[in-house]
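K.L.:
Questions regarding the structure given below will be posed in turn.
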Amino acid sequence: MFGASVLTGDAELRNAANLVLYDEATGSYWSQLLVAGICGPQSGERLAILPSSVTT
Numbered sequence: 018m019f020g021a022s023v024l025t026g027d028a029e030l031r032n033a034a035n036l037v038l039y040d041e042a043t044g045s046y047w048s049q050l051l052v053a054g055i056c057g058p059q060s061g062e063r064l065a066i067l068p069s070s071v072t073t
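Pasting the structure below:
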């Protein structure tokens, strides 16, 4: 992470109905619910929360 772009994809897994993403660069899995790595080399690392808005 640390300022680098990360290519992620849907790991086709769900945890409590939340998305689990896969980081191809590190082989880590990331929890949408926990906003953190849950498996792999990045396990326990937290993602920075960036402000965003949804409009129609």
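Per the numbering used here, residue 18 is the first one in the sequence shown, and the count goes up by one each step.
Here a beta-carbon is modelled for each residue, glycine too, at the ideal position from N, C-alpha and C.
Inspect the beta-carbon positions of Y46 and V52 and report whether they are closer than 7 Å.
P.N.:
No; because the gap between Cβ atoms is not below 7 Å, this pair is not in contact.
K.L.:
Shortest alpha-carbon distance to E41 belongs to which of Q59, Q49, L50?
P.N.:
With distances taken between Cα atoms, E41 lies closest to Q59.
K.L.:
DSSP state of I55, grouped into three classes?
P.N.:
In this structure, I55 counts as strand in the three-state DSSP scheme.
K.L.:
Taking DSSP's pairing of strands, which residues face S60 in a bridge?
P.N.:
Bridge partners of S60: G54.
K.L.:
Alpha carbon to alpha carbon, what distance is there between N35 and L50?
P.N.:
L50 and N35: Cα-Cα distance of roughly 6 Å.
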